[in-house]
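Q: Start counting at 1 in the sequence shown, then tack on 39, and there's your number in my numbering.
Positions of the beta carbon are idealized from the N, C-alpha and C atoms, including for glycine.
Right, I'll just put the structure down here and ask away after.
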Amino acid sequence: MTVHGVPLYVITNGQVVLDEGQLKMTQGLGRFVIQNMFMVKYELGNKCASHKE
């Protein structure tokens with residue numbers, strides 16, 4: 040499945056944090072998630088390669 044476009048609304052923890060392009064977040068609402076960037080690039084590379092076949 041391929042999705043094109045941008046979200047109009049984003050809801051997190053029952054609160055609307057993005058409303059038609061307007062960011063409505065307050066400090067402390069989210070949390071930082073550490074990710075291994077190599078793994079993200081590796082997974083994206085695999086997805087791109089699988090579409091070419």
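Do V56 and M64 have their beta-carbon atoms positioned less than 8 Å apart in this structure?
A: Translated into positions along the sequence shown, residue 64 becomes position 25. Translated into positions along the sequence shown, residue 56 becomes position 17. Result yes, Cβ atoms of M64 and V56 sit closer than 8 Å.
Q: Can E59 and L47 be called in contact, C-beta distance under 8 Å?
A: Residue mapping note: residue 59 aligns to position 20 of the sequence shown, counting from 1. Residue mapping note: residue 47 aligns to position 8 of the sequence shown, counting from 1. Yes, they are a contact pair.
Q: Excluding sequence positions up to five away, which residues of its chain have a Cβ less than 8 Å from the Cβ of G44?
A: By 1-based counting over the sequence shown, the position of residue 44 is 5. Excluding sequence neighbours, G44 sits near nothing in its chain.
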